[in-house]
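Taking it in order: structure first as structure tokens, then the write-up.
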Amino acid sequence: MWLKAFILLKLTDSLLTLSLSLSLSHSLSPSLSLSLSLSLSLSLSLSLPPSLSFSLSLCQDGVSYEVRRYDACKHVCVSLEGRSFDQVSGDLQRKLLAYMSGDNEQGEVMNTPVPIIFTVFPRDDGSLNRRLVAALRIPSSFQIAPPTPTDSSIRIEDRPGMTVYVLRFGGFAGESEFRAEASRLTCTLGDSAPFQRKQYLCCIYDPPIKPYGRRNEVWFLQDEP
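Per mature numbering (1 follows the signal peptide of the UniProt record, and there is no 0), the sequence shown runs over residues -17 to -1, 1 to 208.
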């Protein structure tokens, strides 16, 4: 039996990259041998946006995904039941953006953080229940005392820290696109990662007027021990 390993560690201004290649060969008989090769690439971001404390990039079966850790922080949230994702997601986004743009009791105009985060609740067949929660992280300078909403449907919520498995994709994303990517992430993770199956997060980074280079993500919440 022989074992060969190759490790590459590279540090740039903002990214620490670890690459590991492992090859294992075992001779079963003069005419038969068993070979195993494994390649793993990890990236740790050293320059992180507010509330993001850890980011790790992984690749499994040709699918790239991330593991991220977000710190606890306040979010502004709005929810609606009885209508589909595609029917109400735009309306909920506009409510949150109005709050960030000064439609609050203090008249504060805040920089709008990204992404807009939608919490969805899948049925056993993968379709989504008609219940949707939209949220935006409150900017750091307003975390201690967020402006008071004037819209009674909007609330300020303290969300706990969370570890998420993230799959990124492009294009315009609606319910069918998010469901397809959620299915792909489920298949990629398999039984190797414990995650919550009663809900997941759909994230949109770009305004509707952006025609190309769009960024969307599906987040699966890790089951906390």
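Ideal placement from N, C-alpha and C gives every residue a C-beta, glycine not left out. The structure presented is a predicted model; accordingly, all values stated were derived computationally and were not measured.
DSSP three-state assignment for residue i, whether helix, strand or coil
{"i": "Tyr82", "result": "helix"}
{"i": "Arg198", "result": "coil"}
{"i": "Ser40", "result": "strand"}
{"i": "Asp141", "result": "strand"}
{"i": "residue 213", "result": "Any question about residue 213 goes unanswered here, given that the chain covers just -17 to 208."}
{"i": "Phe68", "result": "helix"}
{"i": "Gln179", "result": "coil"}
{"i": "residue 235", "result": "Since the first residue of the chain shown is -17 and the last is 208, residue 235 is not available in this structure."}
{"i": "Asn112", "result": "coil"}
{"i": "Phe203", "result": "strand"}
{"i": "residue 231", "result": "No answer is possible for residue 231: it lies beyond the span of the chain, which begins at -17 and ends at 208."}
{"i": "Pro132", "result": "strand"}
Rounded separation between residue i and residue j - CA only
{"i": "Ser22", "j": "Cys42", "result": "With a pLDDT of 41 at Ser22, under the threshold of 50, the modelled position of this residue cannot be trusted; read the value that follows with caution. The straight-line gap from Cα to Cα measures roughly 9 Å."}
{"i": "Asp69", "j": "Glu158", "result": "6 Å"}
{"i": "Asp189", "j": "Asp206", "result": "29 Å"}
{"i": "Ala176", "j": "Ser136", "result": "36 Å"}
{"i": "Pro191", "j": "Met93", "result": "20 Å"}
{"i": "Ser34", "j": "Arg66", "result": "31 Å"}
{"i": "Arg142", "j": "Tyr195", "result": "32 Å"}
{"i": "Ser62", "j": "Glu140", "result": "12 Å"}
{"i": "Ser30", "j": "Ser166", "result": "Only weak support is given to the placement of Ser30: the predicted model assigns it a pLDDT of 40, under 50, and the question is left unresolved by the model."}
{"i": "Asp86", "j": "Val71", "result": "20 Å"}
{"i": "Ser84", "j": "Ala128", "result": "16 Å"}
{"i": "Gly90", "j": "Asp44", "result": "50 Å"}
{"i": "Pro130", "j": "Asp174", "result": "43 Å"}
{"i": "Asn112", "j": "Ser123", "result": "32 Å"}
{"i": "Arg197", "j": "Ala156", "result": "9 Å"}
{"i": "Arg106", "j": "Trp202", "result": "17 Å"}
{"i": "Asp108", "j": "Arg138", "result": "31 Å"}
{"i": "Thr38", "j": "Lys193", "result": "This sequence places Ser at residue 38; Thr is not what is there. The straight-line gap from Cα to Cα measures roughly 26 Å."}
Beta-carbon proximity check, residue i vs residue j, cutoff 7 Å
{"i": "Glu164", "j": "Arg114", "result": "no"}
{"i": "Ala118", "j": "His58", "result": "yes"}
{"i": "Thr133", "j": "Glu88", "result": "yes"}
{"i": "Leu204", "j": "Tyr48", "result": "no"}
{"i": "Asp54", "j": "Gly153", "result": "no"}
{"i": "Arg52", "j": "Ser40", "result": "no"}
{"i": "Cys186", "j": "Phe161", "result": "no"}
{"i": "Cys60", "j": "Arg120", "result": "no"}
{"i": "Gln182", "j": "Phe104", "result": "yes"}
{"i": "Val46", "j": "Thr171", "result": "yes"}
{"i": "Ile99", "j": "Gln126", "result": "no"}
Extent of the continuous alpha helix (DSSP H) to which residue i belongs
{"i": "Thr171", "result": "158 to 172"}
N-terminal and C-terminal residue of the beta strand (DSSP E) that residue i is part of
{"i": "Phe125", "result": "Neither: Phe125 is in no beta strand (DSSP E) and is coded neither H nor E."}
{"i": "Val46", "result": "46 to 53"}
{"i": "Leu150", "result": "145 to 152"}
{"i": "Phe101", "result": "99 to 103"}
{"i": "Val61", "result": "56 to 64"}
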